[in-house]
Amino acid sequence: MSILSRSAIRSSARVARVNAVQSRGMHFENVVGKTMPFSVKSKPMTGLKIAAFAVTGFGLPFVAAAHHIAKSSGSA
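The sequence shown: position 75 = 75 (the UniProt record's numbering), numbered continuously.
Given below as structure tokens:
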């Protein structure tokens, strides 16, 4: 076994140990409906929240670009 392969094995084992230690400090219940940061009991409200999140995330760059274009033309 070469030196390079031994060091790679050692470093991967070290990373595995570090990741295992870090994940122990986190606790959450892995139950349906409890892993999201909002309630998913009402389907219409869940759909509304997801749509608002997607529209905000997708539309914000366009709003920022329009603002910069308006600002640079001096009409704002």
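Even for Gly, the Cβ is constructed at its ideal location relative to N, Cα and C.
{"Check": "Quick check on the DSSP output: the alpha helix (DSSP H) that includes Phe58 runs from which residue to which?", "Outcome": "43–73"}
{"Check": "In whole angstroms, give me the CA-to-CA distance for Phe53 and Ala65.", "Outcome": "19 Å"}
{"Check": "Under three-state DSSP, which class holds Ser11?", "Outcome": "helix"}
{"Check": "Kindly give me the distance between the Cβ atoms of Lys49 and Phe38, rounded to whole angstroms, as I take these residues to be in contact under 8 Å.", "Outcome": "6 Å"}
{"Check": "Roughly how many angstroms separate the alpha carbons of residue 78 and Glu29, rounded to a whole number?", "Outcome": "Residue 78 falls outside the range modelled here, since the chain spans only 1 to 76, and no answer is possible."}
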